[in-house]
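There are 4 protein chains.
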Amino acid sequence: MDIGFIGLGEMGAAIVGNLLEAGHTVRVWNRTAAKAQALARQGARVVATPAEAFSGDAAISMLADDAALREVIDAALLERAPRGLVHVNMATISVALAQTLAQEHAAHGIQYVAAPVLGRPDAAQAAKLTIMAAGASEAIDRVQPLFDVIGQKTWRVGAEPQHANVMKLAANFMLASAVESLGEAAALLGGYGVAMRDFLDVVTGGPFPGPVYAGYGGMIAEGRYEPALFKARLGLKDVRLALAAADAVSTPLPVASVLRDSLLEAVANGDGERDFAVLGKVAARRAGRQG
Amino acid sequence: MDIGFIGLGEMGAAIVGNLLEAGHTVRVWNRTAAKAQALARQGARVVATPAEAFSGDAAISMLADDAALREVIDAALLERAPRGLVHVNMATISVALAQTLAQEHAAHGIQYVAAPVLGRPDAAQAAKLTIMAAGASEAIDRVQPLFDVIGQKTWRVGAEPQHANVMKLAANFMLASAVESLGEAAALLGGYGVAMRDFLDVVTGGPFPGPVYAGYGGMIAEGRYEPALFKARLGLKDVRLALAAADAVSTPLPVASVLRDSLLEAVANGDGERDFAVLGKVAARRAGRQG
Amino acid sequence: MDIGFIGLGEMGAAIVGNLLEAGHTVRVWNRTAAKAQALARQGARVVATPAEAFSGDAAISMLADDAALREVIDAALLERAPRGLVHVNMATISVALAQTLAQEHAAHGIQYVAAPVLGRPDAAQAAKLTIMAAGASEAIDRVQPLFDVIGQKTWRVGAEPQHANVMKLAANFMLASAVESLGEAAALLGGYGVAMRDFLDVVTGGPFPGPVYAGYGGMIAEGRYEPALFKARLGLKDVRLALAAADAVSTPLPVASVLRDSLLEAVANGDGERDFAVLGKVAARRAGRQG
Amino acid sequence: MDIGFIGLGEMGAAIVGNLLEAGHTVRVWNRTAAKAQALARQGARVVATPAEAFSGDAAISMLADDAALREVIDAALLERAPRGLVHVNMATISVALAQTLAQEHAAHGIQYVAAPVLGRPDAAQAAKLTIMAAGASEAIDRVQPLFDVIGQKTWRVGAEPQHANVMKLAANFMLASAVESLGEAAALLGGYGVAMRDFLDVVTGGPFPGPVYAGYGGMIAEGRYEPALFKARLGLKDVRLALAAADAVSTPLPVASVLRDSLLEAVANGDGERDFAVLGKVAARRAGRQG
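Written out as structure tokens, the structure is:
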């Protein structure tokens, strides 16, 4: 397929790599051009404007946040885009913007699929992302071959694009909640001199299998928060989005409020660029200990 | 082996059943005798006093809470117990009482093993409990054959009995945290008309495998909180114990504070006897919806 | 003085009344013209555009929120405004917008004074507002005669306009915190059948004198949340602004997080238009009782 | 009157001083006798056992906590006490113990008045305590002359002694809530470089008059937490009692949960013996700043 790709951060670059490897034509655009050059060596065609990327069979966007997306995806871009284009937005954005984008695309006759992903850059590299796709069935059908190349599983979660965004935010909220609870559990254990590593063996071998508890728990057990696979600062961004989405439908999320405060504390104390697992350090500091 | 067993609630009765089936001799005692009679039909010998159960090779206790335990396990009982006896306490008790018991047993020359378990009555029935055992190695060695009959895995977590209790409380705190986060996620999704069931498929198929998320999440998705496999009231009891243990070592656990408040709200609104998953209903009510 | 006034809600209308009574010339503008007509009968001159109000010696704005303000106060308006004009913004707005406004006014050579107030419409009516004014001294000097007419006390809180807005948000956060604590105290007392009224007599007669505890406490004691002197929905708006301001400087405010959740719960359960004191009802509901 | 007094901490000693000055006969007992000797110089008669103090017209107890009280006030003491004695318990104790004491005194035919106080040692010294008295009217009537000597105001809050204790805990909860909100407000202001002192002038001059906001706020503004007029450790004790009282009637108190966590953090970080206002330091630390 002939694909445009906008946004070449760690996630975007890894996804483009897999698309190229699968034989697709990919026109790439990034605000800072250097990142695009690296992909050019893998066969990507670097274009000079978002509009050039917003053409062909499909355009995929993977921008950092609402503001970055709004700088690029605007009425002018949609106006110029070819009618048959399917725009797949894979970024984690606010539900409010997701709703706006759905309306704007509809008004311009552009197919719009929200397809946020679960998985960090390492999973993107390995083509093991989990994709939550929402939008018109026929539009998803058309880009499914792309999803098959970049993810291990695509979940179709309905016709309303923003539903996929709500799911993404809820999933990241659950992730953050698990990490915070690991951090608090470690603080409790630490108060009695019980080894977090032993505890982790028990719970990951029993009620809490899977990579989340083992991975973040392991970092907390070791007090090692670098290299950051998922930065605390970005975790905070997502918790804020979950809270904003919940606020818009008058839904209190008390655990999310705690998460926000803990992550703010991490950032305030200089750990925003460390891994999300640094919540374990926050919990330990509250107890007057090192974490 | 010749075993005494004290406390025949759902968990205790299931464990005794497995011990009998494996050919052990089990003398059983319960405050209300009726429960013991049922086990007599399976071969248990009903005794009239705790002291009669507190003899033989090992005595196992599985009482409801600190108060129930203190009514039965006192200085007089320990004084009369045979020196070689190993007392295995499987109940979830406070860390404070665990520390006291360790001292008292040592003072009376009775071997003491703390062996709290992960798993609900259905897991006990199926001999699939996870056992966290702490105490003197030789004492655990002696009762390991019993653990092999009633659990699927025994984790040895050190020589200090109370360490096993701290782990148990930390594990149940993590469980409660997962259930609350499922409930809040469901409330968020509900605000946008996204199906919890669909969300659950995504997260249990990806970051959150295992029985906890699937099981409690499924109950929340269905809004079905009965039959109660683990009652909200008992979940509250365990969160209280985790908070008390953390308080004793000056460790704030902000998520545990939220859990306590949510579980109190469940109890206050008449759902204490429903399943722990009723936290989903609490989260929905806060948002003005049914859960 | 010759004053323009933009925004004729309850607060604005009351302030204009006092300005007129003191003999000032007031040109008024409101998005919905009906409210202006009522003031015309008191002597106000109704103008058709914000620009007509944004002239003379001073222009005062008292709009509902950031969005309402941004619809009216824009570059075009500032461009056309007479150089000597002092713009006094009395509304409770975000700190972020306050900072932007300060810069924009400076760029256009318009004097800008932030002057948010403490006090509800009844205090505005009685000219008993407390005014927190920040901006250039000479600008405040020029409008001080107006402040003297509409308030009982002006606090000058520095040269940076946004400092006054931060103070306003901090003050309203403290107010909300006091109301929530009254609500929770009432729930605790209610659990034991102790009369909130008796408790209130004790604390307002001792550690907590002043109108806040007596006023909101009295509404909670009576379970009477109407008429709403300060609506829960507006209280929520201000708590959100405090949280956003704190977030921007990486400052966790755990009590504010609780307040937000409680107010969201009030709104979700249909009490957004009731008085802020309805936090007492939220606290009672959580305990399974009526409040 | 002929009075026995048990418990000579800072509060007790100050109260005894005022009773002596008013001409009453006071037999004093304290666990550590040294404190009693100091009062002997003011005219108190030092007795060797609690029983000797538990006689005469009235016995007043002012012990540190539930445990200290239970060591002294037991069945044997009540059995030996003269029938006409009125026991006035001024300590802040748990509601659970308050209920037990009421029953035990009734069973032994001893009049029991719960009379917890508002006010710190300096207020006790100045005979400016606020007294909340509950119990049989005639019993209170008999000790009212004593209350008049040691306090500035006695509130009669019903016939059930524990109601006074619930009120005391609710009042201290409100106090803690006010201090925490001052601390968080200071952290917010600090993030923008706004002076807490200026803010305090505004709010204490307006919505929040009285000694609580001015006093604790002033300490926070100065970052001065010594000398401790009311220690953080004791504040934590009272918050725990409020939470326990609320738990017993299934009442969530989310702000109290935050207070507990903040005070635990203070204690964990070595500030338990500093003034309660040290909550301001906790809030600042969370924001990565000094407080």
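Line by line, the protein sequences give chains A, B, C and D. For my numbering, add 3 to where a residue sits in the first sequence, where the first one is 1. For my numbering, add 3 to where a residue sits in the second sequence, where the first one is 1. For my numbering, add 3 to where a residue sits in the third sequence, where the first one is 1. For my numbering, add 3 to where a residue sits in the fourth sequence, where the first one is 1. All residues carry an ideal CB built from backbone N, CA and C; glycine is no exception.
For residue 180(A), the number of other beta carbons within 10 angstroms of its own is at least 16, and it is reported as buried. Ranking 13(A), 37(A), 47(A), 36(A) by CA distance to the CA of residue 22(A) puts 47(A) first. In the DSSP assignment, the residues bridged to residue 64(C) are 9(C), 92(C).
At least one beta carbon of chain D lies nearer than 7 Å to the beta carbon of residue 289(A). Inside the region 117-149 of chain B, DSSP marks whole alpha helix (DSSP H) runs of 4 or more residues at positions 124-128, from first to last along the chain.
Using a Cβ-Cβ cut-off of 7 Å, residue 253(B) counts as an interface residue toward chain D, since at least one Cβ of chain D sits closer than that to its own. Within the region 262-274 of chain A, contact with chain C at the beta-carbon level (separation under 8 Å) is assigned to 263, 264, 265, 267, 268, 270, 271.
In this structure, residue 222(D) sits away from residue 129(D), with a CB-CB distance that is not shorter than 7 Å. Neighbours of residue 95(C) in chain D, taken as residues at a C-beta separation under 7 Å, are lacking, since the least C-beta distance is about 15 Å. For residue 38(B), there is no enclosing beta strand (DSSP E); the residue is found in the alpha helix (DSSP H) stretching over 37-43. For residue 207(A), the enclosing alpha helix (DSSP H) stretches over residues 199-207.
With its beta carbon less than 7 Å from one in chain B, residue 158(A) belongs to the interface. Within chain A, the residues whose beta carbon sits less than 7 Å from that of residue 250(C) are 267, listed in sequence order.
What residue 188(C) touches in chain D, judged by beta-carbon distance under 7 Å, is 173, 176, 177, going in chain order.
DSSP, read as helix, strand or coil, puts residue 252(A) in coil.
For residue 166(D) and residue 91(C), the gap between their C-alpha atoms comes out near 51 Å. Residue pairing by DSSP places residue 29(D) opposite 6(D) in a beta bridge. For residue 135(B), the C-beta contacts it makes with chain A under 7 Å involve 205, in order along the chain. With respect to the 7 Å criterion, residue 156(D) and residue 119(D) are not classified as neighbours on the basis of their beta carbons.
In this structure the region 99-117 of chain B lies against the region 68-88 of chain B, because at least three pairs of beta carbons, one per stretch, are closer than 8 Å.
Excluding sequence positions up to five before and after residue 175(B), its CB lies within less than 6 Å of the CB of 241, all in the same chain and listed in chain order. The criterion of a C-beta distance shorter than 7 Å is satisfied by residue 274(D) and residue 235(D). Straight-line spacing of the CA atoms in residue 13(B) and residue 141(D) works out to 52 Å.
Chain order gives no chain C residues near residue 149(D), where near means a beta carbon separation below 8 Å; the closest approach is about 19 Å. Interface flag for residue 199(B) against chain A is unset, since no Cβ pair is found closer than 7 Å.
Our two residues, residue 139(B) and residue 11(B), have alpha carbons roughly 26 Å apart in a direct line. In the structure shown, the three-state DSSP call for residue 49(C) is strand.
At a cut-off of 7 Å between C-beta atoms, residue 14(B) does not count as an interface residue with respect to chain A. Among the CB atoms of chain C, one or more fall inside 7 Å of the CB of residue 260(A).
Annotation for residue 193(C): the continuous alpha helix (DSSP H) segment containing it runs 164-194.
Per the coordinates, the alpha-carbon of residue 4(C) lies some 21 Å from the alpha-carbon of residue 131(C). For the options 208(B), 115(B), 192(B), the alpha carbon positioned closest to that of residue 163(B) is the one of 115(B).
Distance from the CA of residue 196(B) to the CA of residue 232(B), rounded to the nearest whole angstrom, comes to 28 Å. Among the residues of chain D, those whose CB is under 8 Å from the CB of residue 191(C) are 169, 172, 173, 176, 245, 248, 249, 252, 254, 256, following chain order.
In this structure, 62(B) is the residue among 291(B), 262(B), 62(B), 239(B) with its C-alpha nearest to the C-alpha of residue 145(B). Within 7 Å of the CB of residue 121(A), the CB atoms of chain B belong to 209, 210, in sequence order along the chain.
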